[in-house]
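Enquirer: With our numbering, letter number 196 in the sequence shown gets 199, and the count goes up by one each step, no holes.
Built from N, CA and C at the ideal position, the CB exists for glycine as well.
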Amino acid sequence: MLCPLLKIQRHLLIGTSHLQFAQITANKTYTSTANGQTQRGQTHSASTQKEIDHHANLSANWWNLNGPMQSLHKLNELRVPFIRDGIVARGNVDAALVNTTKVLQNQSILEVGCGGGILTEALARLSANVTGVDLGEDVIKTAREHLENHSTDLKNNVNYKIEPIEVHAKTNLNHYDAVVCSEVLEHIDDKAGFLTHCVQTLKPGGSIFITTMNKTIPLWIGGIFLAEYVFGIAPKNTHHWEKLATPLDVQRILSALNCQTVLTNGFTYDVIRRRWRWINSNIMCYAIQAVKTE
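(1) If you measure between the beta carbons of Ser210 and Val294, is that distance less than 8 Å?
(2) Keeping to the same chain, check which residues put their C-beta closer than 6 Å to that of Asn336; ignore five residues upstream and five downstream.
(3) Which complete alpha helix (DSSP H) runs does the segment 159-240 hold, if anything under 4 residues is left out?
(4) Give the straight-line distance between the Cα atoms of Asp137 and His190, rounded to the nearest whole angstrom.
(5) If contacts are defined as beta-carbon pairs under 8 Å, then Tyr272 and Asn217 qualify, I think. What distance do you get, rounded to the angstrom?
(6) Measuring straight from C-alpha to C-alpha, what distance separates Thr267 and Gln254?
(7) Assuming Val115 and Val187 are in contact, meaning their beta carbons sit under 8 Å apart, how far apart are those beta carbons, in whole angstroms?
(8) Below 8 Å on the Cβ atoms is my guess for Ser185 versus Thr145; work out the distance and round it to an integer in Å.
(9) Taking the beta strand (DSSP E) that Ile282 belongs to, which residues open and close that run?
(10) Short check: CB of Ile86 to CB of Ala181, under 8 Å?
(11) Alpha carbon to alpha carbon, what distance is there between Ser62 and Ala49?
(12) Using DSSP with H/G/I as helix, E/B as strand and the rest coil, what is Gln73?
Listed below in structure tokens is the structure:
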């Protein structure tokens, strides 16, 4: 049994870890709605438009490594190798490229809810061809400007679109080798519908990669109550308990979509070292890789 002091330290670690994760997800969401549109002059639902406006206000600091998106930049240290190694493990890459920076050459990847392109560019640096879709016109503008002004060497590997996944899926059935939904799912009302459209764009044998927040009491305490209503690290009403999903919830949806889960890892933010790390528990955050079987 833990002594009282260790119990306090443990709960502080959990709470602070979720404050960091709440800061990330408050800065990046993708909401799928039945009436959401992206073309100029067309309208979204009120809740979706609120999310778009929120992220538009953050777009100017998206690529500031020491700004409000700092933790999201740091998360690349975990999620990029997770995606890279997951694709390699399926045997879909040239063996001669495995230990090179061109390991994902000729791999076509879709990032749903790409925001300002932090993960999109990182995957492109491994020579993948990456399409990033998002509902936010301002964040896509930021992503395109960064690509044009700071990452010109990636211009042939990246394509950004202001487009909801349900629209994108209609013209990209069975198209991508991998689909990525990172820090997105906890903002989706209809998770089954959203993931259905994501999987529709995936080739049979391709992988879908998801990172998100678990539906646990420690998460609610640290990531929602403390982060949003006590410390103000994330705006109020950014996260809602009813929108969170457990790994089992997500796996059941994926299974119904003929996707077999091959890997589930838990991760958290190390407050002392200021870095993300894998842990042997899903209590806080988790990453899933599932393969489309047909």
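Expert: Here's the rundown:
(1) yes
(2) Here the chain comprises residues numbered 4 to 297, so residue 336 is not present and cannot be evaluated.
(3) The segment 159-240 contains these whole alpha helix (DSSP H) runs: 168-173 and 194-203.
(4) 13 Å
(5) The pair is not a contact, with the Cβ atoms about 14 Å apart (cut-off 8 Å).
(6) 10 Å
(7) 6 Å
(8) Their Cβ separation, rounded to whole angstroms, is 17 Å, which puts Ser185 and Thr145 out of contact at 8 Å.
(9) Arg278 to Ile282
(10) It is a contact, given that the beta carbons lie within the stated cut-off.
(11) 20 Å
(12) It is helical.
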